[in-house]
Amino acid sequence: MAAGKFKVELKVNGEQGKPKVQQVEVNKSGAKLGEVLKEAGVSAKNKDLYVNDKPATLDTFVGPGDRALANVVSVKVEERPQGS
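Sequential numbering from 15 applies to the sequence shown in the working numbering.
This is the structure we're talking about:
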C-alpha cells in the first residue's frame, strides 16, 4: 500500500451469483463514497449502500476513522430488488 493511502474493501452483491470483492486505495484523508465507487468502476444505480455495516449515501465520508488500526474500511453494495 502506498504511503498516505488506506484501503477500502468493496463487496458488491448483485442479484445473481457470488459477491465480488475488490480493494481500492484512497488518500488517507478519506473521500466521499461516490468517489470511491467511481474509482472502483462500480455504479450505485438501484443499489443499497453500506459503510461499516451502516446505511450510507454517495455523500457519506469514507475515511480511516475508528477502523484506522486495520487501515481498511468495509463498503457493501447490494443490488436493490426491482418491482415485479
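Beta carbons are placed, not taken as given, at the ideal position from N, Cα and C, and that holds for glycine.
From a predicted model like this one, the values you see are computed outputs, not experimental measurements.
Per DSSP, residue 52 is one residue of the alpha helix (DSSP H) stretching across 47-54.
The C-beta separation of residue 75 from residue 46 comes to about 6 Å, placing the pair in contact by the 8 Å criterion. Taken through DSSP and simplified to helix, strand or coil, residue 57 comes out as coil. Between residue 26 and residue 56, the C-beta gap is smaller than 7 Å, which places the two residues in contact.
Residue environment: residue 90 is assigned as buried (16 or more neighbouring CB atoms within 10 Å of its CB, all protein chains considered). In the DSSP annotation of this structure, the continuous segment of the beta strand (DSSP E) that includes residue 19 starts and ends at 19-27. Boundaries of the beta strand (DSSP E) harbouring residue 41: 34-41, taken from the DSSP string. Listed in chain order, the non-local C-beta contacts of residue 88 below 6 Å within the same chain comprise 23, 66, local neighbours out to five positions each way being set aside. About 7 Å separates the beta carbon of residue 44 from that of residue 78, a gap short enough to meet the 8 Å contact definition.
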